[in-house]
Each structure stands twice: as C-alpha cells, then as structure tokens.
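> Numbering (my numbering), first residue to last: 110 to 227.
For reference, the structure I am asking about is given below.
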Amino acid sequence: MPALPSCLLEPLWDPFAALLPVRGAFVADHPLGCHRRRIADRTVFEHIVHALVHGSGYERISTPGCANRTIRRRVKEWAELGISEKVHALALEAYDRMIGLGLGEISVDGCITRPVGR
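As structure tokens, this is what we get:
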C-alpha cells in the first residue's frame, strides 16, 4: 500500500527525477566487474517517502525489493550531489504556488535576557 496516493506522488517524483543523474541498470565500475541490477531510483524514492510519511526508520520500511542499506546508500549519494537543497527549493516553490507562503506578512520578535536567579 503506497504512503501517498499516486496523484500526490507523481508531482513529487517528476521534478525529483529530473535532478537525478542518468545511470545504467548495472554499476559499471563495480570491483567484481558485474553486479546485480541497480534498484530503480523510483523504488528507493517511494521507500523514502514512506519513511517520511510514517516517521519510521529504514529498517521498518525495507522490503525484499529494496533493503535498508540500499535506501541509506542512495540517500547519502543524493545528498552528496546536493539534491536535497534543490528539492527543498522545489518544495517551497510548489507550496507557494498551491497555498501561498505570504513571506511579506511574517513578523519576527525576539528577546535575549539573563535567566532568572543568576
């Protein structure tokens, strides 16, 4: 059962997939020369969304088709490519388009004081 309906998952996946580098089905520089097929980015993405929606760890959402180590490795790889910052900007842009951020109406107030009793 998907964590999000496809009508919500597709708009998330399309801009995210555009940020990913093109990769072959096999890892070309694997030390053994050949390796199992690479788990599809879409599958890993769906597992990550599932973890974020349900607030669970990768061990709990891993499946025989996508192990928790695969999810961790891919998250690390995507973070090193700087994709998380781009996704954050895309999310803010989409939220602003759908709901509106209204950043011009935000007021910030703060105060720095010493703790009582010192």
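Don't be surprised by glycine CBs; every beta carbon is placed ideally from N, CA and C.
What are the residues that DSSP puts in a beta bridge with cysteine 175?
Thr172
> For methionine 207, tell me which candidate among Pro120, Ala176, Arg169 has the shortest Cα-Cα distance.
If you compare the alpha carbons of Pro120, Ala176, Arg169 with that of methionine 207, the shortest gap goes to Pro120.
> Does DSSP put histidine 157 in a helix, a strand or coil?
Checking the displayed sequence, the identity of residue 157 turns out to be isoleucine instead of histidine. Note: isoleucine 157 maps to helix in three-state DSSP.
> Please state whether the Cβ-Cβ distance between tyrosine 167 and arginine 151 is less than 8 Å.
no
> Counting Cβ pairs closer than 8 Å, one from the region 123-132 and one from the region 189-203, do we hit at least three?
yes
> Let me check understanding here. Comparing Cα to Cα, which of His156, Thr172, Thr222, Leu201 lies closest to leucine 118?
His156
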